[in-house]
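I have placed the structure first, in the form of structure tokens, so that the comments after it can refer back to it.
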Amino acid sequence: MHNHQADANYMGDLQDAAPEMVAAFFNFDKAVFNKDVGSLNLATRELIAVGVAVTTQCSYCIADHAKRAVNAGASKQDVAEAIMVATALRAGGGITHGWQAMKNIADTK
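Heads up: the sequence shown at position 93 corresponds to 93 in full-length UniProt numbering, and the numbers run straight through without jumps.
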């Protein structure tokens with residue numbers, strides 16, 4: 001199991017090794033989640049982030065963006081629905097990849 005704080009201690013190593021790139025990432029992230037930028041409200045953007053985090057299975061992002069979504073005005077039901085939308089798409093990906101398996105064995109007995 002990960003220990004977020006222990007793992008986060010390595011952020012300095014990443015910043016030292018690629019300072020411009022790390023700074024660019026954080027500036028981009030700051031712009032994406034700036035409540036005063038864009039037409040989507042912050043709660044909606046955070047709900048999208050929850051869904052993406054569920055599909056990418058990033059436990060840090062799941063925890064952080066779920067809290068941020070609620071702080072931005074989303075309800076627990078909103079978070080749950082975002083999770084279920086992401087889950088449906090993830091399951092759908094399994095089905096469509098299954099088609100590929102079936103396609104590749106179509107001519108075998």
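No residue lacks a Cβ here, since even glycine has one placed at the ideal position from N, Cα and C.
Best match in the options for proximity to residue i [C-alpha to C-alpha]
i   : options              : result
N71 : I105, V22 and T44    : T44
L89 : A18, Q15 and V54     : V54
T87 : A18, V50 and D7      : V50
I83 : K103, C61 and Q100   : C61
A80 : V22, I48, N9 and K35 : I48
Bounding residues of the alpha helix (DSSP H) (the contiguous stretch that carries residue i)
i           : result
C58         : Where C58 is concerned, there is no enclosing alpha helix (DSSP H), given that its DSSP letter is neither H nor E.
residue 139 : Nothing about residue 139 can be reported from this structure: the residues present for the chain run from 1 to 109 only.
I83         : K76 to N104
D7          : H4 to A8
Cβ neighbour criterion (16 or more within 10 Å) applied to residue i
i   : result
H4  : exposed
H97 : exposed
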